[in-house]
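Single-structure report; data block below.
Following this line, the structure appears as structure tokens:
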């Protein structure tokens, strides 16, 4: 009986420790912009900064281009220079709206039926820069611009917004163009 009691206590203590570890670092709750105008967002964007991820590792001169498909989805072409291979690489996918065309929440697929989140969480009123986050912004986070380089004023504005969203901007990798 005594052994069973200590077994239950140990299991409960272990569960409490696991729960504390899991909840001690809350995930960022970033919400997509509303009043989104997909037509204005279409076209070419330059990736200025990102949290390094496995599918863009080491890449420079990264761009994303968006065009409207006939079925209402959005064609996505991501491209960048891969110095390890000594050439440009590109991937073509499609995006669909997650919550209607006036909300900056999309689901993007480059691999058949598998979709990932593409949430526009901040957007310049003139659509000159954009901040995008995936399901986990600590792993998937980008600063995009219509130009390969932002003015200092717009860069500071975008970084200020990112910090207000809880992003550690010191961990961002700045992309060479």
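In mature numbering (1 follows the signal peptide of the UniProt record, and there is no 0), the protein residues as written are -22 to -1, 1 to 155. C-beta atoms are modelled at their ideal positions from N, C-alpha and C, and glycine is treated no differently.
{"Asked": "In DSSP terms, what residue 27 is bridged to", "Found": "121, 152"}
{"Asked": "Member of 155, 73, 131 whose CA lies at the smallest distance from the CA of residue 20", "Found": "73"}
{"Asked": "Residues near residue 83 by beta carbon distance below 6 angstroms, same chain, minus five either side", "Found": "10, 76, 77, 97"}
{"Asked": "Residue span of the alpha helix (DSSP H) that contains residue 139, given as start and end", "Found": "130 to 142"}
{"Asked": "Limits of the beta strand (DSSP E) - the one that residue 67 falls within", "Found": "65 to 75"}
{"Asked": "Nearest-angstrom beta carbon gap, residue 108 and residue 122 [assumed within contact, 8 angstroms]", "Found": "4 angstroms"}
{"Asked": "Sufficient close CB pairs (3 or more, under 8 angstroms) joining the stretch 21 to 29 to the stretch 144 to 154", "Found": "yes"}
{"Asked": "Cβ neighbours of residue 67 in the same chain (closer than 6 angstroms, five flanking residues each side left out)", "Found": "60"}
{"Asked": "Contact test: residue 115 Cβ vs the ligand NAD heavy atom, cutoff 7 angstroms", "Found": "Ligands displayed in this structure: none; no statement on the ligand NAD is therefore possible."}
{"Asked": "Of the residues 36, 52, 132, the one placed nearest residue 15, counting alpha carbons only", "Found": "52"}
{"Asked": "Beta-carbon separation (whole angstroms), residue 36 vs residue 62, contact threshold 8 angstroms", "Found": "6 angstroms"}
{"Asked": "Secondary structure of residue 2, DSSP reduced to three states", "Found": "Here the model assigns residue 2 a pLDDT of 39, short of 50, so the residue's position is not dependable and the matter cannot be decided."}
{"Asked": "Between the CA atoms of residue 71 and residue 86 - distance to the nearest angstrom", "Found": "7 angstroms"}
{"Asked": "Expected contact under 8 angstroms - CB spacing of residue 99 and residue 8 to nearest Å", "Found": "4 angstroms"}
{"Asked": "Rounded straight-line distance, which links the Cα of residue 116 to that of residue 55", "Found": "23 angstroms"}
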